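The numbering used here numbers the first residue of the sequence shown as -10 and each following residue consecutively.
Idealized CB from N, CA, C, for every residue including glycine.
Owing to the predicted nature of the structure, the values given are computational and were not obtained by experimental measurement.
Taking it in order: structure first as structure tokens, then the write-up.
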Amino acid sequence: MIATHFPKQEVLDRLRNKIHHETNDVLWPNVIVNASYKRYQKSVPESSFSIFSNKNGTVKLNNNNRNLKICEQTFYLSNPFESFDYEINSEAPVDTFNIHLNYKFYSEALYALLNSNEKLLDYPDNSNTNYRFINQLHYKSPDIKKILGSYQQKEEEIFLLELLEYCLCIDYKDRIRMLNIPTAKMSTKKELLKRMQIAKDYIYSNYSNSELSVKELSKLVFMSHFHFLRNFKNVYGITPYQYLKRIRTERAKYLIKSTNLPIHEIAFLVGFKEASAIFPIIRNAVLKSPKEYRMEN
């Protein structure tokens, strides 16, 4: 099902993954919300499994006491039975592409994807799974863009199954990052990975702040400066500063080729302190000046 408008708040308050007897609750359906708004606010007390993304513009999301920003180049995964606040506040229309899954469909599909053929043959009617995705922002790779762009060409179940399978793959890849953390205890690895992911999401959501620093990030995750630096590099292979620079560069490239904004304005929008900083960075990334890159695209 595709919806072009968000439900009213009174409907959102009643949406549930499971319905209990003698209530006015409404089951979450399988739904893609392809809506366009300049201003919108909602609170969802019980979410379905959700994928938040946009075709255009940026939204604010508060989930698990974290304030996040989702732009055209990122998406966010939320588990069933969580709550979130969602806000659009923009001068230009923001085009959303949010996907919510019915809990029965989600459970059965996840069970099929996580288990072997042998187990599925022995227990075909089972759908019990305690799997929980890591709540975090992800960069939109060409693979996820291709899947998201195929929703009109495929049957709904096939499209959603492929999307869920992709989410499992990227979630697994993020989980094994903790193997790069040199500590013996698995509980410590998990905790450090969680803190690095919080810092990474903060970078994604605040890259436009030219004053964003490693000191701020280390305080955010309650770690000493050098302890944080070492573990971030262990997990992501580069330093927090290099990660921030990469995000700013990718965002600048996107804005150069997809908007008519002046180059100097883009520089400030993505967090560079000086407008001139964007020129050598773009040239180093694409071997062209920003103007040449825009004309080519």
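Within 7 Å, strictly: CB atoms of residue i and residue j
i: I170; j: L181; result: yes
i: M167; j: K178; result: yes
i: T47; j: A24; result: no
i: A264; j: T238; result: no
i: I40; j: F64; result: yes
i: L229; j: V203; result: Reading off the sequence shown, one finds Pro at residue 229, where the question assumed Leu. Yes. Within cutoff.
i: Y196; j: I236; result: yes
Inter-residue spacing [alpha-carbon to alpha-carbon] between residue i and residue j
i: S139; j: F148; result: 7 Å
i: I267; j: F261; result: 7 Å
i: E61; j: K129; result: 8 Å
i: E205; j: S37; result: 33 Å
i: H9; j: L150; result: 27 Å
i: K49; j: L201; result: 18 Å
i: R121; j: R164; result: 12 Å
i: Q142; j: A256; result: 38 Å
i: I271; j: R55; result: 31 Å
Helix, strand or coil at residue i according to DSSP, with G and I counted as helix
i: D163; result: helix
i: Y75; result: strand
i: L4; result: strand
i: R272; result: helix
i: Q142; result: coil
i: Y225; result: helix
i: A81; result: strand
i: I59; result: strand
i: I21; result: strand
i: K129; result: coil
i: F122; result: coil
i: L244; result: helix
Residue closest to residue i, alpha-carbon to alpha-carbon, out of the options
i: I245; options: H216, M284 and P229; result: M284
i: K7; options: I133, L150, D84 and Y95; result: Y95
i: K208; options: S199, S194, L4 and A188; result: A188
i: N51; options: D74, I236 and A241; result: D74
i: N13; options: V22, R235 and R3; result: R3
i: T172; options: S194, N198, R219 and L126; result: R219
i: R240; options: V22, R28, R5 and N45; result: N45
i: L66; options: L16, N53 and N115; result: N53
i: N19; options: L233, L258 and E144; result: E144
i: L1; options: I21, K242, L258 and S32; result: S32
i: I(-9); options: I88, V15 and L276; result: I88
beta-carbon residue i near the ligand SAM non-hydrogen atom, thresh 6 Å
i: V83; result: This structure simply doesn't include the ligand SAM, nor any ligand for that matter.
Presumed contact (8 Å Cβ cut-off) between residue i and residue j, rounded CB distance
i: P82; j: Y26; result: 7 Å
i: T85; j: N43; result: 5 Å
i: E107; j: S72; result: With 8 Å as the limit, E107 and S72 do not qualify as a contact, their Cβ atoms being about 38 Å apart.
CB contact check: residue i to chain D, cutoff 7 Å
i: A256; result: Checking the listed chains, one finds no chain D in this structure; it contains a single protein chain.
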